[in-house]
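Following: one structure in structure tokens, then a few remarks.
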Amino acid sequence: MKKRNSAVTPFVTVLTIVLILLAALVAIIKPDKFNIAGQVTALFRGRVEYNLDEVPADELTLKSVDVDAVKTINTLMLINKDHPLDQYFEPSICEYKDSGVMMSTASVDSYAALSKAVMDNCGEPLYVMSSYRTPEEQQELYEEQGSNEALPPHCSEHETGLAQDLYFSGFAGKSINNCPAGKYLTEHAPEYGFIVRYPSFGRMVTGINYEPWHFRYVGLPHAQIITANGLTLEEYIEGLEYGSFYAYEDYIISRQKGDSLLLPENCTCDISLDNCGGYIITAKKQ
Ligand SMILES: [Zn+2]
């Protein structure tokens, strides 16, 4: 009996390993059908660290302001299933040129500059498939497409007007990068404050499959830091410690909580809700 067992055990072990490898292979080949593929990716990816130079608060000249007295621009709100928008959230939106497309007031000039850069460099007009949506429109989409394809109302950043689903003539959706203009757009969008919000590597963090067409405005220098470090917006915001100040080129970035905020002096400060109970300050040295 003992002898027989010793022959069977290696066979079972090899068979088990082969089956596991096959399962992993199938999962990787069919990433949309097997969520395991995302989990495998996440295991290899691990926790993403990035470094921003921290500045001790006593090295900065700071002034305290009451949060009730500040006007927020809200370009850095984290919006997902775990961080829905407040049901009373009122977006600041405007019409892009005379196109009938409504988008966030904070992003409209940067979008115009990005669109112009694409046209100047590639000779292709950039089109918006979908930008601002009301919660009611998001609800309709959710009912039509289901939870695998669409987010429930209040959980989509389209409701802020900060997200733009973009396309080129003949190149929409997953094929947007199959033309030179798409490649140019993806490469240069961060210089104008836009990120690919649902990157191919981010599914386990964002919960959303790769969407190369969905660009989200977060402003400068955040879009450049996020893209250069291969981060999702979730990872970037989570990495900013409440109460800390970080230096990046001509900017000081700080995430804070509470009834008053400490703003660096001699800077122009943009203040955004983080939609997690705090604020993110982007101070640009004058
Ligand atoms: Zn979208």
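Counting from 772, one number per residue, gives the positions in the sequence shown under the working numbering. A virtual CB, placed ideally from N, CA and C, is assigned to each residue, including glycine. These numbers come from a predicted model, not from an experiment.
Per-residue burial, residue i [other beta carbons within 10 Å of its own, 16 or more giving buried]
{"i": "Q810", "result": "Bear in mind that a pLDDT of 49 at Q810, under 50, signals an unreliable position, so the model cannot answer this."}
{"i": "S1031", "result": "exposed"}
{"i": "N1061", "result": "Residue 1061 lies beyond the range of the chain shown here (772 to 1057); nothing can be said about it."}
{"i": "D1064", "result": "Residue 1064 lies beyond the residue range present for the chain, which begins at 772 and ends at 1057; the question has no answer from this structure."}
{"i": "A828", "result": "exposed"}
{"i": "D1021", "result": "exposed"}
{"i": "G1029", "result": "exposed"}
{"i": "Y882", "result": "buried"}
{"i": "P781", "result": "exposed"}
{"i": "A960", "result": "buried"}
{"i": "D803", "result": "Residue placement at D803 is poorly supported in this model, since its pLDDT is 39, which falls under 50; the coordinates still yield a value, given next. Burial call: exposed."}
{"i": "Q1057", "result": "exposed"}
{"i": "G713", "result": "One cannot answer for residue 713 here, as it falls past the ends of the chain, which runs 772 to 1057."}
{"i": "T1039", "result": "exposed"}
{"i": "G990", "result": "buried"}
The beta strand (DSSP E) enclosing residue i, as first and last residue numbers
{"i": "D857", "result": "Neither: D857 is in no beta strand (DSSP E) and is coded neither H nor E."}
Segment limits, alpha helix (DSSP H) that includes residue i
{"i": "R987", "result": "Note, R987: premise wrong, no alpha helix (DSSP H); beta strand (DSSP E) at E982 to Y988."}
{"i": "A888", "result": "V879 to C893"}
{"i": "G1010", "result": "L1004 to G1010"}
{"i": "H993", "result": "H993 to A999"}
DSSP three-state assignment for residue i, whether helix, strand or coil
{"i": "E1020", "result": "coil"}
{"i": "S951", "result": "The sequence given here places Pro at residue 951; Ser does not occur at that position. Helix, per DSSP."}
{"i": "S1031", "result": "strand"}
{"i": "E825", "result": "strand"}
{"i": "Q935", "result": "strand"}
{"i": "Y867", "result": "coil"}
{"i": "R904", "result": "coil"}
{"i": "L922", "result": "coil"}
{"i": "L833", "result": "strand"}
{"i": "S946", "result": "helix"}
{"i": "M873", "result": "strand"}
{"i": "V976", "result": "helix"}
{"i": "K801", "result": "Caution is warranted here: a pLDDT of 40 is assigned to K801, below 50, making its placement in the model unreliable, and the coordinate value is therefore given only provisionally. Reduced to three states, the DSSP call for K801 is coil."}
{"i": "V899", "result": "strand"}
{"i": "P958", "result": "Residue identity check: residue 958 is Glu in the sequence provided, not Pro. Looking at E958 - three-state DSSP - the assignment turns out to be helix."}
{"i": "D853", "result": "coil"}
{"i": "V841", "result": "coil"}
{"i": "Q1057", "result": "coil"}
{"i": "T846", "result": "coil"}
{"i": "E1036", "result": "coil"}
{"i": "P781", "result": "helix"}
{"i": "E928", "result": "helix"}
{"i": "N806", "result": "Any answer about N806 is weak, because its pLDDT of 42 lies below 50 and its placement is not dependable; what the coordinates show is given next. In this structure, N806 counts as coil in the three-state DSSP scheme."}
Sheet register partners of residue i (DSSP bridge)
{"i": "I1042", "result": "I1052"}
{"i": "I966", "result": "R987"}
{"i": "Y913", "result": "Y913 is not bridged to any residue."}
{"i": "S1025", "result": "F1016 and I1052"}
| Segment contact, 8 Å Cβ cut-off, at least three pairs: the stretch 910-928 with the stretch 862-875 | no
| field | Contact the stretch 890-898 vs the stretch 821-835: 3+ CB pairs below 8 Å | value | no
| message | Below 8 Å, how does it come out for the stretch 896-908 and the stretch 973-982: are there three or more Cβ pairs, yes or no? | response | no
| field | Inter-stretch contact (C-beta, 8 Å, three-pair minimum) for the stretch 907-922 and the stretch 949-956 | value | no
| task | Kindly confirm or deny that the stretch 938-946 and the stretch 855-864 touch, where touching means at least three C-beta pairs closer than 8 Å. | result | no
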